[in-house]
Every structure is written in C-alpha cells, then in structure tokens.
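Undergrad: Below: one structure in structure tokens.
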Ligand SMILES: Nc1ncnc2c1ncn2[C@@H]1O[C@H](COP(=O)(O)OP(=O)(O)OP(=O)(O)O)[C@@H](O)[C@H]1O
Ligand SMILES: [Mg+2]
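Chains as they are written, first to last, in the working numbering: chain A, 1 to 301; chain B, 1 to 275.
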C-alpha cells in the first residue's frame, strides 16, 4: 500500500476535567491527505477542528494516535507546516512587514536583508496590504491582521499549509481576492492545503475533498466528500455548474440533519468516501428536497 | 488635550507660588517675634541661624549653588553637583549590577517552574528586609564604606527587577511562543526575539520601581556611612544648623529622583506595545 503524504491514524484528544471524567473531544479520528491536495474540513463549532489542526502542526500532543507526514511521525512544530492561526497570533510589537519578515528570516536565515524584505513585501502586496507595511497589529483592523497572518504563512512556502478559518474576518470582496490568490499559489506549487472553514461555498470553491466532522464530544471524521467540479473554478460561474447544488445540498444536509447522529458513523473506520456527483453513489439523485428540508430544519432550530 | 496641559501647568505654578508665599510670610513673622522657643532657651539663645529659612533665602542659595555646582574646598565643603555626582555614581553602580543579575535570573525563574518553586521562598524572605539592615553585615564583610553603600543599593534594587522579570517572562502569551515554535526558532532566538520584547514592558516597570527605591535608600545609606554624597551633605548641613542648605538639598534630591524616573519611563514607552 502506497503511503499518503499525511496520515492521521487513531487520533484521540481528551482534556482532564475537574469532576474526574475527562472531556473526550474525539477519540478515533482517521484520514489521509495526498500530496498536492486541497482539503477542507467542516464541522460544527467546538467539535475539535482547531485541535486536529494544532496536532497536525505539532503544537499539540494527541492523547492517542499519531500523525505521520512524509513517512515520519510529527513530534513537534516545523517550518514545513505553516499555520494561519484562528486568532492571527501576530507579534504586537512588530510592524506588519516585520511580522512577515520574522517568518521569512526563520525560513531562509542565509538571505540578505534586502532579499528578505523584497520577498515579504511581495506577499503583503498579494494580500493588498502594501499601504500598511509599517503599521503595528493594534493599528490594523481584524481583517487586515488576518491578511498579515496569511502573508506570513504563505511567504514561508511550507509543504503543508494549515489554515484555521483564515478568511473568517474578511468581507466578501477581499475574501474572494485572497481565495483566488490562495488557489493560484497552491496550483503553482506542490503545496498541500488543509483548511478549516464554516463556509460551505468556500469549501466547494477551493477544495478537492471536504472532510465532514460529526458533533462532539467523541467526534469523528464521518465522511470524505469528493468535490468533482472542474478547475479553474470562479466564484461567479461555479454556481452554474450542474453538480454544484447537488454537492452543496449534500453538505448542508450533513451539517443540519446528520452531524449529530452519532450511531450513524461506525467508530474506528476511515471516513466513508462519497462522491455525490457520481451515478452509483446512493445520494446522487438530484434532491432539491434536501435543501427545503435543510432550510426548514434551520428555521426550526 | 493641550489646553488641559496648559491649564494644569498654570494651576501647579499658582499652587507652588501660593505655598511659597505662605511659607515666606510665616517665616518672616518667626524672625520678627523676639521670644525664644524652648529649644532656643536650652541652647542659650545662641542659634539665630537655626530658624526655618524663608523660600527667598533658599532661592538665593540655590542660585549660588547651581551657578557653581562643582567647587571643591576640602572634605566638608563641596558643591552640590559633586555631592549628587557621588550619590548618582553609587546608585547607578549598585543598580546596574543588580540589573545584570536580576534580569537573567528572572528570565530563568520565569521560564522554569522548577526554578520558580525553588527560588520563590528564598526571594520572599529576603525581599522584605530593609536594605539598611544589611549595612552592618556589609561593613563588616566588605570593610569599605563606599562599597558597602553600593552593596546596599544593589540589594534593595534587585528584588523588584527580579520579580517583575520572572512575572513578565512567565506570562508571555502562549500564542506568541507557538509562533516561535512553528518557525523552529532556537531557545536562544526565542528568548531574544519573542520573550524579551513581550516581557519588556513588565521588566521596565520593575526597573522603574527599583531606581525609585535605590534613590530613596542612598540618602539614608550615605547618612550612615558619611564622607560624601547628598545624604551625607544633608546630615552635615544639619550638624552645621544650616537649614537653608538642608531644604535646598531636599529639593535637589526630589529633582534628581524625578529625572531618574523620567529616563526610565521614557525607556518604558519605547518598549510598550498594545495588543
Ligand atoms: N484546554 C482545553 N481544556 C478543556 N477543553 C478544551 C481545551 N481546548 C479545547 N477544549 C475543548 O475542545 C473542543 C474542541 O475545541 P476546538 O477549538 O478544536 O473546536 P473547533 O472545532 O475549532 O471550534 P470552532 O469552530 O468554534 O473554532 C471544545 O469543545 C473545547 O471546549
Ligand atoms: Mg477552531
């Protein structure tokens, strides 16, 4: 069996609680990422997505199980895994430019000052912050901070990019621009991207595969949905693709109706691979009913 | 904002001026009243200079002293500049020595819970000891009054810097440490590039508290060890019953203390950041 680029097996995380019964966020999470793949993970708030991402990064020790990357177990953080943290994590005493340079200098210590600066400015330009290079994070808006954090992670060109809701604080327009930039960078390099998002449309626009996580505690990665839409994808045109709403309905249905259904997902197994667009898949029939059901369900809850 | 500043400056001038005016009037009456106080009767009425001087006399002396602050006419008659210079030299040597030890040790204590647990009880016992209580021991062991004074400054300024450094380092946000970890920074680089700037405002607060305490303590220490310095100068002028000089030196002590604090608060502003 050929090994995947990243393999997550038997991952478990529990936090000790005061009343002696530990909080089990998840106890058996399995999935794999192929080299060069763009994978999004979707699940309800608090199900453990950030915890999984931190474990992939090597910042967090799993209670059980392991993460294997390139055939080696992830034991700690590495420059090969770049992260955009959910809370940005910029160094507040450094300007936007210095924050990006911080990462670039760590990655290429042999570079000259001018080289570091030129490279950092290029990535800040890319996220549209060329006018705010010298500003401190406290003088930037939430979305601008998030963009500095994105620039810092992208500028170090890691093999694996880990993004924790990287576009959460951005307006639709900026979000669209940076999504395009992300896809461009990703398609030009051999980078693998693992991204957390709450936005179903964003996941469909960007990913090859979407992992669906059930609600915690004892959450599992229940399904791995193949996004069989042609690339390059455009925000404006992708919605007219005949398969788009089938996929979208499938995801929304999962989030609204099935994510809490714990018995539905056997423990220990790998996530069930589904392709809602292929004919032999049971959920492939065009199903507008799902949307109505989902919307009703949303209105009720 | 600036109009507020101007108004408070005017108000503070008015306050100082009226206090001086009241003081002037009261001391003039004192001089005029022919009756001898109990103290003067005890001293046989031979102490006309011992009366509290009016501010005008202090001002006159201040002018005289400040126009020629560095004259030196023997061990008992040196200019105020020289005396302050001696005190500043002692304060700064003791203080710098304390900083050189307190900041690295505070760093280690802040980084390692083991060291914190081990050193904390020792620090808590040593910290509340009045620095002057060390003086006899210091004089006996060091056998040099100059060095003993520096030692007393050292011992009184070390604690705030040590504790603040340890506290600042221990409370650096986990997120920032994680940024260093994900960029594979060595422990040394992490200490200098992340922990030091993150803890710098807290460290500077400790340094500011320390310099204030050191300046308070040097006056008392120099009164004890004698010889030179502003503390000795005050005591010597009291022995000469020259209250004008005493008041003038008290004011100078206040001014220098304020300048020292200004320097450190300036440094603190430089490293301050807002999240
Ligand atoms: N240090 C901790 N101690 C106890 N419980 C924790 C701790 N950190 C996280 N948790 C719990 O772990 C669960 C998963 O947290 P996590 O941050 O991974 O959620 P998430 O899926 O990223 O949610 P969101 O979408 O809101 O960011 C939460 O229920 C949280 O309460
Ligand atoms: Mg999260």
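We put the CB at the ideal spot given by N, CA and C, even for glycine.
1. List in chain order the residues whose CB is within less than 6 Å of at least one heavy atom of ligand 2.
2. Any idea what DSSP makes of residue 239 of chain A, helix, strand or coil?
3. At 4 residues or longer, and completely inside the segment 157-225 of chain A: list those alpha helix (DSSP H) runs for me, N to C.
4. So with CB distances below 9 Å, who are the chain B contacts of residue 31 of chain A?
5. CB of residue 29 of chain A to nearest heavy atom of ligand 1: below 7 Å?
6. Please report the Cβ distance between residue 81 of chain A and residue 65 of chain A, rounded to the nearest whole angstrom; I am assuming they are in contact, meaning their Cβ atoms lie under 8 Å.
7. Just checking residue 36 of chain A against ligand 1 - is the residue's beta carbon closer than 7 Å to any of the ligand's heavy atoms?
8. Does the Cβ of residue 25 of chain A lie closer than 7 Å to at least one heavy atom of ligand 1?
9. Across the segment 164-173 of chain B and the segment 228-238 of chain B, are there enough close Cβ pairs to call them in contact, namely three or more that are closer than 8 Å?
10. Measuring only the C-alpha atoms, how far is residue 244 of chain B from residue 53 of chain B?
11. Which residues, in order along the segment 163-178 of chain B, keep a beta-carbon less than 9 Å from a beta-carbon of chain A?
12. Touch check for the segment 207-226 of chain B and the segment 247-260 of chain B: three-plus C-beta pairs under 8 Å?
13. Taking 7 Å as the cut-off, is the CB of residue 58 of chain A close to at least one heavy atom of ligand 1?
14. Along the chain, where does the beta strand (DSSP E) that runs through residue 7 of chain A open and close?
15. Run down chain B in chain order and give the residues with a C-beta less than 9 Å from the C-beta of residue 50 of chain A.
16. Between the segment 62-85 of chain A and chain B, which residues of the former have CB atoms less than 8 Å from a CB of the latter, in chain order?
17. Assign residue 88 of chain A to one of three DSSP states: helix, strand, or coil.
18. Is it buried or exposed for residue 13 of chain A, if we count other Cβ within 10 angstroms and need 16 for buried?
19. Does residue 290 of chain A pass the burial test, meaning 16 or more other C-beta atoms within 10 Å, or should it be called exposed?
20. Between residue 192 of chain A and residue 5 of chain A, which are expected to be in contact by the criterion C-beta below 8 Å, what is the C-beta distance as a whole number of angstroms?
21. Under the three-state reduction of DSSP, which class applies to residue 129 of chain B: helix, strand or coil?
22. Does the CB of residue 197 of chain B have a neighbour CB from chain A at under 8 Å?
23. How many whole angstroms separate the CB atoms of residue 204 of chain A and residue 227 of chain A, which I take to be in contact at a CB cut-off of 8 Å?
24. Does ligand 1 have a heavy atom nearer than 7 Å to the CB of residue 216 of chain A?
25. For residue 276 of chain B versus residue 214 of chain B, is the C-beta distance shorter than 8 Å?
26. Excluding sequence positions up to five away, which residues of its chain have a Cβ less than 6 Å from the Cβ of residue 16 of chain A?
27. Considering Cα atoms alone, identify which of B:25, B:102, B:111 is closest to residue 57 of chain B.
28. If you follow the alpha helix (DSSP H) that residue 33 of chain A is in, where does it begin and where does it stop?
29. May I ask you to check if the CB of residue 233 of chain B is nearer than 7 Å to at least one heavy atom of ligand 1?
30. Closest to residue 167 of chain A by C-alpha separation, out of A:161, A:151, A:146, would be which residue?
31. Using 8 Å as the threshold, is the C-beta distance between residue 35 of chain A and residue 180 of chain A below it?
32. With H, G and I counted as helix, E and B as strand and the rest as coil, what does DSSP make of residue 58 of chain B?
33. In this structure, how does DSSP classify residue 172 of chain B when only helix, strand and coil are distinguished?
34. Report the residues of the segment 207-225 of chain A with a CB closer than 8 Å to any CB of chain B, ordered along the chain.
35. Look at the alpha carbon of residue 202 of chain B and the alpha carbon of residue 14 of chain B, and state the distance between them as a whole number of angstroms.
TA: To lay it out plainly:
1. A:49, A:50, A:86, A:164
2. Sequence index remark: in the first chain, residue 239 of chain A carries index 239 (1-based). Residue state, collapsed to three classes: coil.
3. 172-188, 200-206
4. Numbered from its first residue, the first chain carries residue 31 of chain A at position 31. In chain order: nothing, as chain B lies at least about 22 Å away.
5. The residue given as residue 29 of chain A occupies position 29 in the first chain. Answer for residue 29 of chain A: no, Cβ out of range of ligand 1.
6. Taking the first residue of the first chain as 1, we reach residue 81 of chain A at position 81. Taking the first residue of the first chain as 1, we reach residue 65 of chain A at position 65. Between residue 65 of chain A and residue 81 of chain A the Cβ distance is about 17 Å, and since that is not below 8 Å, they are no contact.
7. Counting from one through the first chain, the residue named residue 36 of chain A turns up at place 36. Result no, Cβ not under 7 Å from ligand 1.
8. Taking the first chain and counting its residues from 1, the one referred to as residue 25 of chain A is at position 25. Checking every heavy atom of ligand 1 against the Cβ of residue 25 of chain A, one is found closer than 7 Å.
9. no
10. Position 244 of the second chain holds residue 244 of chain B. Position 53 of the second chain holds residue 53 of chain B. Cα to Cα, residue 244 of chain B sits roughly 6 Å from residue 53 of chain B.
11. 173, 175, 176, 178
12. yes
13. Here the question's residue 58 of chain A lines up with position 58 in the first chain. Because no heavy atom of ligand 1 lies under 7 Å away, the Cβ of residue 58 of chain A does not count as near it: no.
14. As a first step, residue 7 of chain A must be located in the first chain, where it is residue number 7. Unbroken beta strand (DSSP E) run through residue 7 of chain A: 6-15.
15. Taking the first residue of the first chain as 1, we reach residue 50 of chain A at position 50. Within chain B, no residue comes near residue 50 of chain A; the closest Cβ sits about 12 Å away, beyond 9 Å.
16. 76, 77, 78, 79, 81, 82, 83, 85
17. Stepping through the first chain from its first residue, residue 88 of chain A is reached at position 88. Of the three classes helix, strand and coil, the one that applies to residue 88 of chain A here is coil, per DSSP.
18. For the purposes of this step, residue 13 of chain A is taken as the residue at position 13 of the first chain. By the neighbour-count rule (16 or more Cβ atoms within 10 Å), residue 13 of chain A is buried.
19. As a working mapping, residue 290 of chain A is identified with position 290 in the first chain. For residue 290 of chain A, the pLDDT reaches just 39, beneath the cut-off of 50, and the residue's location in the model is therefore unreliable, leaving the point undetermined.
20. The residue given as residue 192 of chain A occupies position 192 in the first chain. The residue given as residue 5 of chain A occupies position 5 in the first chain. Contact flag correct, Cβ pair sits at about 6 Å.
21. Locating residue 129 of chain B in the second chain gives position 129, where the first residue counts as 1. Of the three classes helix, strand and coil, the one that applies to residue 129 of chain B here is coil, per DSSP.
22. To locate residue 197 of chain B, count along the second chain from 1; it is residue 197. Taking Cβ atoms only, chain A reaches closer than 8 Å to residue 197 of chain B, which makes this a yes.
23. Indexing the first chain from 1 puts residue 204 of chain A at position 204. Indexing the first chain from 1 puts residue 227 of chain A at position 227. Confirmed, Cβ separation roughly 6 Å.
24. The count along the first chain starts at 1 and reaches residue 216 of chain A at position 216. For ligand 1, at least one heavy atom lies less than 7 Å from the Cβ of residue 216 of chain A.
25. Within the shown structure, residues of chain B are numbered from 1 to 275, placing residue 276 of chain B beyond reach of any answer.
26. Within the first chain, numbered from 1, the residue matching residue 16 of chain A stands at position 16. Once the five neighbours on either side are set aside, the close Cβ partners of residue 16 of chain A are 22.
27. The sequence position of residue 57 of chain B within the second chain is 57, counting from 1. When only C-alpha atoms are compared, the closest one is B:25.
28. Taking the first residue of the first chain as position 1, residue 33 of chain A is located at position 33. Careful: residue 33 of chain A lies outside any alpha helix (DSSP H), inside the beta strand (DSSP E) at 23-33.
29. Taking the first residue of the second chain as 1, we reach residue 233 of chain B at position 233. No; taking the cut-off as 7 Å, the Cβ of residue 233 of chain B has no heavy atom of ligand 1 nearer than that.
30. On the first chain, residue 167 of chain A is found 167 positions in, with the first residue counted as 1. The candidate whose alpha carbon is nearest that of residue 167 of chain A is A:146.
31. Position 35 of the first chain, counting from 1, holds the residue named residue 35 of chain A. Position 180 of the first chain, counting from 1, holds the residue named residue 180 of chain A. Contact: no.
32. Translated into positions along the second chain, residue 58 of chain B becomes position 58. In the structure shown, residue 58 of chain B sits in a helix (DSSP, three-state: H, G or I).
33. As a working note, residue 172 of chain B is residue 172 in the second chain. Reduced to three states, the DSSP call for residue 172 of chain B is coil.
34. none
35. As a first step, residue 202 of chain B is located in the second chain; it is residue number 202 there, counting from the start. As a first step, residue 14 of chain B is located in the second chain; it is residue number 14 there, counting from the start. Each residue's alpha carbon lies about 36 Å from the other.
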